[in-house]
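Chains as they are written, first to last, in my numbering: chain U, 19 to 363; chain Z, 19 to 363.
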DNA sequence: ATGAAAGCGCTAACAA
DNA sequence: TTGTTAGCGCTTTCAT
């Protein structure tokens, strides 16, 4: 299995032409006389020649590879980003180098620095503060970030967390809820905005919010955080969760604790992960368009690599997906959801 | 941003030594006199030198990258494989090149062939028949496959689909079910084995099986397939689904159709995807240890790259995870699950 | 312990 | 249209 694959020189020899000719032919840089073209084709076919991308990259300085660093590939939000990014990359003949940074938090920076050396550009999701991410500038490679970047001159894509949260709260209010809690994830860069959105909406209605933290963006964390909220002295009648995973965990535990959902407690999440739909009650959520974000990020990056400037922030519109976890099916509530109609499903 | 990073020559000049010395230093190939080492360190530090992995790869012929081709990154089964593979790769300082082949089915082969040129080895999940995958031999790179490979001399890892299916059926039998259906996915390479396992178990009990096909390994497909099974003339009292996604979709639709789960119909899936636990009823499933499969596959591959021979098939033990979708909570059934106790949760 | 020199497989001027 | 030639940044004998 140590078959040395044929080099450009082998082809040149076999076809009786120079290596430069072969190179030009491979890259379609030029036109050729019929006989030469025929010989070239024959030799290439016969030898099974495929040009070595490494050698090519060394000279051109381009690898046609994009580095993608995600926090946790198992979180469907990031999975979707990868899916979207991969789609666009494939269309343009780029390859994806993936790193799941959660697997080695301490080495996040090293990992990304190493990654940067093998790619033309990077798409990065990070938990680091922008202030402490100045080193990304020294990557000397185009980077696209998620969430509006304020301290870094990189283009970015995100969705309006504030608005999304506001919408979620508004929906809950419309459903007649008054005691609303927020189960957040403090370490996230979007947590603050989401909290702000919910808070603002409630304040307009003269209501207060009760804030909890899940300590992780996972279903397990949602489970763990549940009892303190649901069994506390003043049980909320609705909770906005930082993301769908937390919401799913919360719902499971809440029911185990004897709550009826959504009658006793309504739940909203963020991200619209595929499985919220299959939980029961099906999870109402804010669709942040993760997959589209991945596509957009990749598009921005490839665009830059094509020489076009872009340091903008592309913001996607959040969409409310109303499902069962917030809609009072029987008894209970007050108004029937006035905003449920015509909403994207 | 067109900062040309320093080359080995810059370092050599700055340190007043030869490039060979710098190279040896970078690779820790040799020991050095104190003064040289000091100058080297200073120069490298001062210039911020990082050796170019491409140039290195050109000579050594090693890229320290592994290609991973998955059918659909959004299927948690594959997500888990990626997670596991990534973990091991990171530990050994390898990078992952990911391709989601579903994004471009027609180009699967091209994609993988291109991938092969940039990596030291590949881990491939494919829907192709082994018989028509002989081209993989011409990759001239070590490959690890999933599922026992019979026609290809590649090592592989998988779990015992036959046994898993047999176990699932046995569990259903123990729960008192008699009319059992199998909702499969004919295009998968494991479908046949799973069907065999279920069939064998039922035959031992003198029972027949009713077979359906979901046409896709997704929740949506499960939803679509549901009504024909549940509203047919002879509704089964339990169904074994090809995977958890199909099972989840099936359950959602079944309930929409007015079935009580698990009282009217019990459901089992395969894969133990994270969200089965958060569905309701929580999904009973066969844990095939996807993440472990990813780890193992990567371990096998790196092992081969270390020069050790390995053409074996590593088979993981399936485990039954009993949850609510098969346990008769009230009324109904016959025996209470005798095998539910002591089972991994 | 250190250095000189010959490439790895390819592209990119520049000549012809 | 085709060929010559000089490297890309690095590793690796082989000398010293």
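Ideal Cβ positions, reconstructed from N, Cα and C, are used throughout, including at glycine. Note that the coordinates shown come from a computational prediction; the quantities given were computed from them, not determined experimentally.
Chain Z contact for residue i (CB, 8 Å cutoff)
i	result
residue 76 (chain U)	yes
residue 168 (chain U)	no
residue 98 (chain U)	yes
residue 139 (chain U)	no
residue 19 (chain U)	Here the model assigns residue 19 (chain U) a pLDDT of 39, short of 50, so the residue's position is not dependable, and the following value carries that caveat. With 8 Å as the cut-off, residue 19 (chain U) counts as an interface residue toward chain Z.
residue 260 (chain U)	no
residue 310 (chain U)	no
residue 226 (chain U)	no
residue 267 (chain U)	yes
residue 209 (chain U)	no
residue 73 (chain U)	yes
residue 25 (chain U)	no
residue 135 (chain U)	yes
residue 322 (chain U)	no
Alpha-carbon to alpha-carbon, residue j and residue i
i	j	result
residue 304 (chain Z)	residue 117 (chain Z)	27 Å
residue 322 (chain U)	residue 329 (chain U)	9 Å
residue 123 (chain Z)	residue 201 (chain Z)	24 Å
residue 80 (chain U)	residue 139 (chain Z)	22 Å
residue 184 (chain Z)	residue 211 (chain Z)	10 Å
residue 350 (chain U)	residue 344 (chain U)	Residue confidence is low: residue 350 (chain U) scores 38 on pLDDT, short of 50, so the model does not pin down where it sits. No coordinate-derived value is stated.
residue 181 (chain U)	residue 258 (chain U)	14 Å
residue 33 (chain U)	residue 74 (chain U)	21 Å
residue 25 (chain Z)	residue 236 (chain Z)	50 Å
residue 158 (chain U)	residue 317 (chain U)	19 Å
residue 335 (chain U)	residue 178 (chain U)	7 Å
residue 222 (chain U)	residue 135 (chain Z)	60 Å
residue 67 (chain U)	residue 147 (chain Z)	26 Å
residue 331 (chain Z)	residue 213 (chain Z)	21 Å
residue 113 (chain Z)	residue 306 (chain U)	29 Å
residue 192 (chain Z)	residue 295 (chain Z)	22 Å
residue 273 (chain U)	residue 243 (chain U)	13 Å
residue 234 (chain U)	residue 327 (chain Z)	42 Å
residue 22 (chain Z)	residue 35 (chain U)	35 Å
residue 87 (chain Z)	residue 111 (chain U)	15 Å
residue 93 (chain U)	residue 160 (chain Z)	30 Å
residue 333 (chain U)	residue 82 (chain U)	27 Å
C-beta contact flag for residue i and residue j at 8 Å
i	j	result
residue 121 (chain Z)	residue 89 (chain Z)	no
residue 44 (chain Z)	residue 72 (chain U)	no
residue 268 (chain U)	residue 231 (chain U)	no
residue 398 (chain Z)	residue 141 (chain Z)	Residue coverage of chain Z in this structure runs from 19 to 363, which leaves residue 398 (chain Z) outside it and unanswerable.
residue 275 (chain U)	residue 84 (chain U)	no
residue 309 (chain U)	residue 101 (chain U)	yes
residue 283 (chain Z)	residue 256 (chain Z)	yes
residue 99 (chain Z)	residue 97 (chain U)	no
residue 252 (chain Z)	residue 197 (chain Z)	yes
residue 438 (chain U)	residue 228 (chain U)	Examination of residue 438 (chain U) is not possible in this model, given that chain U is present from 19 through 363 alone.
residue 137 (chain Z)	residue 108 (chain Z)	no
residue 40 (chain Z)	residue 54 (chain Z)	no
Test: residue i CB closer than 8 Å to a CB of chain U
i	result
residue 121 (chain Z)	yes
residue 254 (chain Z)	no
residue 68 (chain Z)	yes
residue 53 (chain Z)	no
residue 325 (chain Z)	no
residue 188 (chain Z)	no
residue 28 (chain Z)	no
residue 192 (chain Z)	no
residue 118 (chain Z)	yes
residue 151 (chain Z)	no
residue 251 (chain Z)	no
residue 105 (chain Z)	yes
Cβ distance (whole Å) where residue i is taken to contact residue j below 8 Å
i	j	result
residue 187 (chain U)	residue 155 (chain U)	Their Cβ separation, rounded to whole angstroms, is 37 Å, which puts residue 187 (chain U) and residue 155 (chain U) out of contact at 8 Å.
residue 279 (chain Z)	residue 285 (chain Z)	7 Å
residue 174 (chain Z)	residue 190 (chain Z)	Contact doesn't hold; Cβ gap of about 29 Å is too wide.
residue 205 (chain U)	residue 145 (chain U)	6 Å
residue 208 (chain Z)	residue 165 (chain Z)	6 Å
residue 37 (chain Z)	residue 27 (chain Z)	6 Å
Checklist entry - Okay, do the region 285-305 of chain U and the region 123-131 of chain U touch, 3+ Cβ pairs below 8 Å being the bar? => result The answer is no - the region 123-131 of chain U does not touch the region 285-305 of chain U, with fewer than three Cβ pairs under 8 Å.
Next on the checklist: Count Cβ pairs between the region 256-270 of chain U and the region 52-69 of chain U that sit closer than 8 Å; are there 3 or more?
Outcome noted: Counting Cβ pairs under 8 Å, fewer than three are found: no touch.
Checklist entry - Would you say the region 286-293 of chain U touches the region 256-263 of chain U, given that touching needs at least three Cβ pairs under 8 Å? => result At 8 Å Cβ cutoff, the stretches touch.
Next on the checklist: Quick test of the definition: if touching needs 3 or more C-beta pairs under 8 Å, does the region 162-179 of chain Z touch the region 146-153 of chain Z?
Outcome noted: Cβ pair count under 8 Å is three or more, so yes.
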